[in-house]
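Take 12 as the starting number for the sequence shown in our numbering and just add one per residue. Heads up, the beta-carbon is just placed ideally off N, CA and C, and yes, glycines get one too. Reading through the structure tokens given below for one structure.
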Amino acid sequence: MTTLLVIAKEPVPGRVKTRLTPPFTPQEAAHLAEAALADTLRAVAAAPASRRILVLDGAPGPWLPPGFDVLPQCAGGLDERLAHAFARCAGPALLIGMDTPQVTPELLTVDFDGCDAWFGPAEDGGFWALGLADPDPDLLRGVPMSTPETGAVQRQRLLAAGLRVRDLPCLRDVDTAADAHAAAALAPRGRFAERLAECAAAGRR
Numbered sequence: 012m013t014t015l016l017v018i019a020k021e022p023v024p025g026r027v028k029t030r031l032t033p034p035f036t037p038q039e040a041a042h043l044a045e046a047a048l049a050d051t052l053r054a055v056a057a058a059p060a061s062r063r064i065l066v067l068d069g070a071p072g073p074w075l076p077p078g079f080d081v082l083p084q085c086a087g088g089l090d091e092r093l094a095h096a097f098a099r100c101a102g103p104a105l106l107i108g109m110d111t112p113q114v115t116p117e118l119l120t121v122d123f124d125g126c127d128a129w130f131g132p133a134e135d136g137g138f139w140a141l142g143l144a145d146p147d148p149d150l151l152r153g154v155p156m157s158t159p160e161t162g163a164v165q166r167q168r169l170l171a172a173g174l175r176v177r178d179l180p181c182l183r184d185v186d187t188a189a190d191a192h193a194a195a196a197l198a199p200r201g202r203f204a205e206r207l208a209e210c211a212a213a214g215r216r
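Shown next as structure tokens:
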């Protein structure tokens with residue numbers, strides 16, 4: 012069975028979702044980040060897994076459900092931090108971030124029979140999920156992160172290594188207010204959608 016990893020930052024004002032300010036305040040952006048993380052962890056908790064790991068920059072809070080091992084992120088760029096997360100896994104692993112609160116347990120239920128990697132592209136050109144049957148950190152090191160070409164470069168890295176790649180649906184990361192509303196519309200019963208509605212209502216007062 013697969014290890015599921017979530018790489019995340021502690022939702023501290025001024026450190027997370029800074030592109031949401033404005034229109035939201037840093038405190039509201041942190042509340043939205045916490046809700047996105049909570050929804051993500053809930054989906055991971057409901058998906059079948061041999062182990063669930065939160066790879067965290069910061070300290071866990073009340074948003075963390077039971078059943079997760081919490082490991083600290085290493086220093087360095089995002090490529091190094093992702094590589095280090097995979098290095099802690101001995102078998103098949105699927106890693107996601109905290110930016111897709113619309114993710115479902117069904118999307119996270121992957122089967123490596125007949126493939127070596129799963130790749131989840133993001134609308135902004137990055138990727139929201141990466142699964143490896145044999146987690147090799149070198150498949151991520153040196154990939155330029157947070158660019159419109161990140162996803163294409165990462166997927167090509169997998170193919171160049173001779174891996175059989177299957178694609179997950181393309182999802183939209185929550186970076187801007189427009190992203191937030193789009194993600195909330197896809198998961199209207201989630202904590203993220205509820206918190207977004209609260210923040211929007213507060214902004215109209």
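Endpoints, the alpha helix (DSSP H) within which residue 132 is located: First-last for residue 132: 128 to 132, but that is the beta strand (DSSP E), not the alpha helix (DSSP H).
Through-space distance from residue 196 to residue 45, alpha-carbon basis: 18 Å
Run of the beta strand (DSSP E) containing residue 235, from where it starts to where it stops: Within the shown structure, residues of the chain are numbered from 12 to 216, placing residue 235 beyond reach of any answer.
C-alpha gap between residue 216 and residue 87, whole angstroms: The predicted position of residue 216 is uncertain, since its pLDDT is 43 and thus under 50; a value taken from the coordinates is nonetheless stated next. Taking the straight line from one Cα to the other gives about 42 Å.
Residue interval of the alpha helix (DSSP H) (run including residue 166): For residue 166, the uninterrupted alpha helix (DSSP H) segment begins and ends at 161 to 171.
Closest residue to residue 127 among 152, 171 and 156 (Cα-Cα distance): Among 152, 171 and 156, the Cα nearest to that of residue 127 is on 171.
Spatial neighbours of residue 58 in its chain, beta-carbon cut-off 7 Å, leaving aside the 5 residues before and after: 15, 116, 119 and 120
Cβ separation of residue 71 and residue 81, assumed to be a contact under 8 Å, to the nearest whole Å: 5 Å
Residue 183, buried or exposed, once every other Cβ within 10 Å from all chains shown has been counted against 16: buried
Cβ pair residue 21, residue 78 closer than 7 Å: Pairing residue 21 with residue 78 gives a Cβ-Cβ distance that is not under 7 Å.
Through-space distance from residue 103 to residue 194, alpha-carbon basis: If you take the alpha carbons of residue 194 and residue 103, they lie about 28 Å apart.
Pairwise C-alpha distance: residue 48 and residue 153: 27 Å
For residue 210 and residue 42, believed in contact at Cβ under 8 Å, the rounded distance: 7 Å
CA nearest to the CA of residue 147, picked from 56, 190, 169 and 134: 169
Host alpha helix (DSSP H) of residue 66 (start-end): Residue 66: not part of any alpha helix (DSSP H); member of the beta strand (DSSP E) spanning 62 to 68, first to last residue.
6 Å Cβ shell around residue 110 - same chain, five flanking residues per side excluded: 184 and 185
Proximity below 7 Å, CB of residue 142 to CB of residue 162: no
Residue 83 - DSSP class collapsed to helix/strand/coil: Residue 83: strand per DSSP, three-state reduction.
Whole-number beta carbon distance between residue 158 and residue 30, since they are thought to touch under 8 Å: Rounded, the Cβ-Cβ distance is 15 Å, inconsistent with contact.
Buried or exposed (CB count within 10 angstroms, at least 16 for buried), residue 122: exposed
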